[in-house]
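For reference, the structure discussed in these notes is given below.
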Amino acid sequence: MTLRWKDSLKLFGGRFISKSLFLILRLIFLFIQKISWTVSGVSDVVDKNKELEELGKKPMAQALKLLWLNKFCFLLPPSLRDFMLQHDEYVDPEYVIQNDHVSLFFFDPHQDVAVFGEGKPGQKMWHTDTGDSFISMTLYRFSQRLIVMRMKEFHDLCASLPDPKKSIISLKKLYSLSNLTILI
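Okay, so the sequence shown: first residue is 3 according to the numbering used here, each after it adds one.
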């Protein structure tokens, strides 16, 4: 099997141009969104929870509608920079635990937040029958909203969960087998 340099360069060039156009459009979108949010009084989850802490109120998570996704390479870790998102509503952080159609997507290192993907009600995002054999690919394909919460609220939420009384199930990726297995 030979390496086809022309095709590889076309593929790389096409993805590079696609990502560049996405970033330019995202920059324009974020500028307009910032103005819109300032006028309407909406703020991102980090600023909103700082305001709520000052008032002594319970922190919130922010639900964002997914408008557009552009990922240069799916092997790279996900980031909020790969999405164009529109504010939908503020939700209680326990919403992610109470609903089976919500699953942890990723931790964004750029903003120190935990991001959850939400599918249609009744859709089990973590189940392999839903789509791909990798949970993150299923979340890319089927998420309709992303729920963003600060890491502080995420840690508080995890600490509030009771200790499991059953055997612990951990998910572990075995890269040598390129498969997701459940170890009990």
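We treat Cβ as the ideally placed atom computed from N, Cα and C, and that holds for glycine.
Small disclaimer: the values here were computed from a predicted structure and weren't measured.
My output table needs one value for Phe74: the three-state DSSP class, helix, strand or coil. The answer is coil: DSSP assigns Phe74 none of H, G, I, E or B.
Tell me which residues share the same chain as Pro95 and place their Cβ nearer than 6 Å to its Cβ, disregarding the 5 neighbours each side in the sequence. Only Ala63, Met151, Glu155, Leu159 meet the Cβ criterion.
For Asp94, does the three-state DSSP call read helix, strand or coil? In the three-state reduction of the DSSP assignment, Asp94 falls in the coil class, being assigned neither a helical nor a strand state.
If we count the other Cβ atoms within 10 Å of its Cβ and call it buried at 16 or more, is Ile26 buried or exposed? Under this definition Ile26 is an exposed residue.
So, with DSSP's three-state summary, where would you put Gln125? Secondary structure at Gln125: coil, using DSSP grouped into helix, strand and coil.
Could you spell out the range, first to last residue, of the beta strand (DSSP E) harbouring Leu148? For Leu148, the enclosing beta strand (DSSP E) covers residues 147-152.
Separation of Lys50 from Gln100, as counted between CA atoms: Rounded to whole angstroms, the separation of the alpha carbons of Lys50 and Gln100 is 22 Å.
Tell me whether the stretch 9-27 and the stretch 70-82 touch, counting them as touching only if at least three CB pairs, one residue from each stretch, are closer than 8 Å. Contact holds between the stretch 9-27 and the stretch 70-82, because three or more Cβ pairs, one in each stretch, are under 8 Å apart.
For Ala161, does the count of other Cβ atoms within 10 angstroms reach 16, so buried, or fall short, so exposed? With fewer than 16 other Cβ atoms within 10 Å, it is exposed.
For Leu148 and Leu66, believed in contact at Cβ under 8 Å, the rounded distance: Contact flag correct, Cβ pair sits at about 5 Å.
Count the other C-beta atoms from every protein chain shown that fall within 10 angstroms of the C-beta of Pro79, then say buried if there are 16 or more, exposed otherwise. It is exposed - the Cβ of Pro79 has fewer than 16 other Cβ atoms within 10 Å.
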